[in-house]
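Numbering (full-length UniProt numbering), first residue to last: 1 to 306.
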Amino acid sequence: MSRTDQPALAESTPESDLVSPPINAERLLQLITEEYESLPRQLKRIASYMSQQSDRIMVDRISDIARECEVHPSAIVRFSQRFGFSGFSEMQALFREAYTHKAMPVQNYQQRIRSMIANKSQKASGGDLARECINATLSGIERLGLELDDAAFEQAVELVVNADNIYVVGVRRSFAVADYLVYNLQHTNKRIHLVSGLGGSYREQMRSIRPNDLVIAISFTPYAKETQHCLRIAQHNQAQTLIITDSTLSPLAKRANSVLLVNEGSSFAFRSLSATLCLCQALFIAVAYRLELKMDEIHEQAGFDD
1 MSRTDQPALA
11 ESTPESDLVS
21 PPINAERLLQ
31 LITEEYESLP
41 RQLKRIASYM
51 SQQSDRIMVD
61 RISDIARECE
71 VHPSAIVRFS
81 QRFGFSGFSE
91 MQALFREAYT
101 HKAMPVQNYQ
111 QRIRSMIANK
121 SQKASGGDLA
131 RECINATLSG
141 IERLGLELDD
151 AAFEQAVELV
161 VNADNIYVVG
171 VRRSFAVADY
181 LVYNLQHTNK
191 RIHLVSGLGG
201 SYREQMRSIR
211 PNDLVIAISF
221 TPYAKETQHC
231 LRIAQHNQAQ
241 TLIITDSTLS
251 PLAKRANSVL
261 LVNEGSSFAF
271 RSLSATLCLC
281 QALFIAVAYR
291 LELKMDEIHE
301 QAGFDD
């Protein structure tokens, strides 16, 4: 057990309440999802971080996770013990075993960029910072390829192919992705609607949705309330829902017929959208293939200058 774990031993769970630890990281993440609603508020923050940043756990220090989750390190230990581990180090070893054999280049580019800026003795060039941002983006795309759930993706394609009307919603940083997906899907014969909420008209733009329609919602932590509002309307009207988000613990995932997970590399508070855009493009290509669209149907119509 690491020295960092030691101070929290006084708060350890009684032996009679201890459970056997999961046999692998995949099973642990499954348990976290199953027990999420019963966790105290602080442990829910840790659970969300574990779900979204599972590839970073193997290299993160307990203090790093505590800072990201805005909790005391002892809460990380309590979380570990909640799932049967003696402390954080034992839980971390499970993730190291899981991700080492995947040969995934796990690097915390956000911390590296912060360190480069904070290092006053060695001035970072614009090119150096740009490459770190690019590497963070590449790591997100690589992770998407490694962790893509084939069954969930096929289910998402099926929902799009069979929908009468498709409503796409994404607000703030997710709006660009929603607009891009709408642009792609408009090359099909489907009736596509961008839920922009212009003038606060989310309810009005969603009022005609019906059971055979599909809502595609794109949202990442802290999960836009406007998007959740649209999903409640969809659920009330018995429409199908496809969610693109960053965690199975997302409140949007509970209202979904299908969930596509994507975790981006980020620089400071700015989420890269590259992996999410890539996922949306892949979704459109798979849908176009299923609908047997011809290339000349997808290309831009002549008549307008670019």
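Beta carbons are placed, not taken as given, at the ideal position from N, Cα and C, and that holds for glycine.
It should be emphasised that the depicted structure is a prediction, and the values quoted were computed from it without experimental measurement.
| Asked | Found |
| --- | --- |
| The beta strand (DSSP E) enclosing A151, as first and last residue numbers | Counting along the chain, A151 falls outside any beta strand (DSSP E), though it belongs to the alpha helix (DSSP H) covering D150 to N162. |
| Contacts around P222, its chain only, beta-carbon distance under 8 Å, and the 5 residues preceding and following it disregarded | none |
| Residue range of the beta strand (DSSP E) that includes Q240 | Q240 to T245 |
| Exposure label - N162; buried when at least 16 CB within 10 Å | exposed |
| Span of the beta strand (DSSP E), counted from its first residue to its last, around I192 | R191 to V195 |
| Contacts around A47, its chain only, beta-carbon distance under 7 Å, and the 5 residues preceding and following it disregarded | I32, Y36, L39 and L249 |
| Closest by C-alpha distance to V195, when choosing among H236, G84, L279 and L214 | L214 |
| Residues that DSSP places opposite L261 in a beta bridge | T245 |
| Buried versus exposed, by CB contacts within 10 Å (16 or more), E26 | exposed |
| E264 burial status per 10 Å Cβ neighbour count (16 or more: buried) | buried |
| Ordered list of alpha helix (DSSP H) runs contained in the UniProt domain "HTH rpiR-type" (26-102), each at least 4 residues | 41-52, 62-69, 73-82 and 88-100 |
| Spatial distance of F220 from I57 (CA atoms) | 20 Å |
| Reference A217; option with closest CA among V287, T245, D55 and P73 | T245 |
| Contact the stretch 196-215 vs the stretch 230-242: 3+ CB pairs below 8 Å | yes |
| Per-residue DSSP class, three states only, for L252 | coil |
| Exposure of S80, with buried meaning 16 or more beta-carbon neighbours within 10 Å | buried |
| Distance CB(I243)-CB(V262) smaller than 8 Å | no |
| Alpha helix (DSSP H) segment containing L277, residue limits | S274 to R290 |
| Straight-line gap, N24 to T227 (C-alpha atoms, nearest Å) | 34 Å |
| Collapsed DSSP secondary structure at A234 in the structure displayed | helix |
| Distance, S20 Cα to V177 Cα | 42 Å |
| 8 Å Cβ cutoff met for V168 and L181 | yes |
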